[in-house]
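Encoded as structure tokens, the structure appears first; notes follow it.
Protein chains: 2
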Amino acid sequence: MGETIQSVERAAAILRLLASGPRQLGVAELARALGLPKGTLHGILRTLVRVGFVEQDPATGKYRLGATLLHLGSSYLDVNELRTRAINWADALAGRSRESAWIGTLHEGHVLVIHHVFRPDDSMQTLQVGTYLPTHASALGKVLLAYDPYGETLVPLQPHTKNTIADPGLLETELELVRTRGWAAEMEELTEGEVAIAAPIKDSRGIVVGAIGIRGAVERLAPEGVLHMEFVSYVRDAARAITRDLAR
Amino acid sequence: MGETIQSVERAAAILRLLASGPRQLGVAELARALGLPKGTLHGILRTLVRVGFVEQDPATGKYRLGATLLHLGSSYLDVNELRTRAINWADALAGRSRESAWIGTLHEGHVLVIHHVFRPDDSMQTLQVGTYLPTHASALGKVLLAYDPYGETLVPLQPHTKNTIADPGLLETELELVRTRGWAAEMEELTEGEVAIAAPIKDSRGIVVGAIGIRGAVERLAPEGVLHMEFVSYVRDAARAITRDLAR
DNA sequence: ACCGCGCGTTCGGCAATACCGAACCGCACT
DNA sequence: AGTGCGGTTCGGTATTGCCGAACGCGCGGT
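Chains as they are written, first to last, in this note's numbering: chain A, 61 to 308; chain B, 61 to 308.
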């Protein structure tokens, strides 16, 4: 692989840093974080402001992400073929299961949510498209890890609830189970009271390119801790349908 | 204003071009569009691929937007203060009016949708956050134009339906009306059968920083072509509440 | 009231940097 | 086979954007 352009890489690093927290960052902070002189950073920031990728708070002088990025991000959704093909099936899945439906892909060690259908008759939810879920503590993530051809580098297994699988060995046996069953469950391992189910979506060559699943209250999906298998078949049906659609 | 960094500006231009249509673009196409040598573009593209802003189709070699941008875009939503403050009020507005609620800002001659609450009891809608609405053919846009301190350069007034205001003079009198009334309506000017209402959101200095509104079927919001004024007050109440909130 | 620190910003010289154009390779269509 | 069009590579060149020091400002401690 060849060389890359320094200033563009640095610009990307700045954007990632600005996106890493809701806080606005100043030139000095960025300079310290990236180990670069202030003047250098200022030049890149000035350019990023001009193209709308970054905005500067007129009061404090600090920098934050710009609105153009929101538009670029939503344009990505139009381009993404998996999402385009899967949208209708996700709607159907949400309708049948009466729970929220989710589609995700593996991205930089996280599950990137590329589609999210709200639970029917419950509109007071915030949309999660574009956010990350942890791979080890979500059903989507387990599916994606289990079928990951590259054996993704595991980030530290951060615990979220008392049920989170935080031990690498345990996670590996769980992934083995996912591979043999062909679907994954997550029982209050990310949020207390919430349960999720997911299954893999494959492309025409049989490679797993994403996962689809549902997520909802434990009382509905798994009363007394036992999953209702009908939900599992809803999810697997949807996953198979999309896979078939992609093969066409 | 000082100089800007060439390569970063070019990288941004590439991203904008890739976002302008759902089609994937090749090096040669980009080179022609931007008037740059192929080699130069390839270098920038290679870098953009490395940082995840762009993906390359392994089959065709063509380029498309990358998943990292989706994540950056959603991070913008966390940073955006207007949206953070307005979310709850938008939920309330959607609940009271039983229609979909929208929040938008002026951005590069368009209305950028920064929040969107689905109509209650109707989840089969696609989320429009991050997309553009035309300024002259949407209620949000009319509000933003009417109160725009910079007198935004008007893009050509493209007609969408037979009701679209396509004449600059007529639009100006309409904006005058918006300024005197303090709110805007849009009667099937963007989509047949749909009507919208919007009102301005101001910051602590009284400058309009966004607009909030609702949108729905003409039968419900304006039967026989006459707006139900209760909807107007819902919208204006929400706008005033957010304005008050921002002043705090 | 003052001083000093930290901030964002400016500037100009230097050399490293990233442009550029021509050549390369593979594919598809003629 | 040939030809044109894709994406990619490469090395010389001078343009480019880095860098570090200096500036102006606002704030908080003294």
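Even for Gly, the Cβ is constructed at its ideal location relative to N, Cα and C.
| Query | Result |
| --- | --- |
| Which of helix, strand or coil DSSP assigns to V238(B) | helix |
| Beta-carbon proximity list for T120(A), same chain, < 8 Å, skipping 5 on both sides | Q84 and G86 |
| C-alpha gap between V177(A) and L96(A), whole angstroms | 43 Å |
| Best match in S135(A), L129(A) and L193(A) for proximity to L250(A) [C-alpha to C-alpha] | L193(A) |
| Bounding residues of the alpha helix (DSSP H) (the contiguous stretch that carries Q84(B)) | Careful: Q84(B) lies outside any alpha helix (DSSP H) and carries neither H nor E. |
| Separation of L129(A) from R76(B), as counted between CA atoms | 10 Å |
| Beta-carbon proximity check, I261(B) vs T303(B), cutoff 8 Å | yes |
| First through last residue of the alpha helix (DSSP H) which encompasses L166(A) | Where L166(A) is concerned, there is no enclosing alpha helix (DSSP H), although the beta strand (DSSP E) it sits in stretches over S160 to H167. |
| Euclidean distance between Cα positions of V203(B) and D181(B) | 28 Å |
| Whether A199(B) touches A245(B) by CB criterion (8 Å) | yes |
| Heavy atom of the ligand GDP within 7 Å of I261(B) beta-carbon | With respect to the ligand GDP, the structure shown offers nothing to examine, as it has no ligands at all. |
| Distance CB(Y294(B))-CB(R156(B)) smaller than 8 Å | yes |
| Close Cβ partners of D305(B) (< 6 Å) along its chain, the five nearest in sequence each way excluded | R145 |
| Chain-ordered chain B contacts of T191(A) [CB-CB under 8 Å] | H131 and S134 |
| The stretch 134–149 of chain A in contact with the stretch 105–119 of chain A per 3-pair CB rule at 8 Å | no |
| V173(A) and V189(A) closer than 8 Å at C-beta | yes |
| C-beta atoms of V68(A) and V68(B) nearer than 8 Å | yes |
| Buried versus exposed call for Y123(A) [16 or more other C-beta atoms within 10 Å across all chains shown] | buried |
| Outcome for Y210(A) when other beta-carbon atoms lying within 10 angstroms are tallied against a minimum of 16 | exposed |
| Proximal residues of chain A, C-beta to C-beta of T165(B) below 8 Å | A127 |
| Alpha-carbon to alpha-carbon, M247(A) and R241(A) | 16 Å |
| Those runs of the beta strand (DSSP E) which lie wholly inside the stretch 248–281 of chain B and span at least 3 residues | 254–262 and 268–277 |
| Endpoints, alpha helix (DSSP H) assigned at E63(B) | That residue, E63(B), is in no alpha helix (DSSP H); it is neither H nor E in DSSP. |
| Beta carbon of Y207(B) nearer than 8 Å to that of A127(A) | no |
| I302(A) - containing alpha helix (DSSP H), residue span | M289 to A307 |
| Close-in-space but distant-in-sequence residues of the same chain around A154(A) (CB under 6 Å, 5 per side omitted) | A161 and V177 |
| Expected contact under 8 Å - CB spacing of A259(B) and A271(B) to nearest Å | 7 Å |
| Reduced DSSP secondary structure (H/G/I, E/B, other) of H170(A) | strand |
| Cβ-Cβ distance between L101(B) and A91(B) below 8 Å | yes |
| Within chain A, partners of T64(B) - CB distance below 7 Å | R106, T107 and R110 |
| L94(A) versus A71(A), T107(A) and R110(A), residue with shortest Cα-Cα distance | A71(A) |
| Cβ-based contacts, 9 Å cut-off: residues of the stretch 168–182 of chain A near chain B | E168, H170, L172, V173, I174, H176, V177, F178, R179, P180, D181 and D182 |
| Pair within 8 Å by beta-carbon distance, L132(A) and G133(B) | yes |
| R239(A): contacting residues in chain B (beta-carbon distance under 8 Å) | Near R239(A) there are no residues of chain B at all, since even the closest Cβ is about 25 Å away, more than 8 Å. |
| Of the listed residues Q66(B), K98(B) and L108(B), nearest to L78(B) (C-alpha basis) | L108(B) |
| Contacts that S67(A) makes with chain B (C-beta to C-beta distance below 8 Å) | I65, S67 and V68 |
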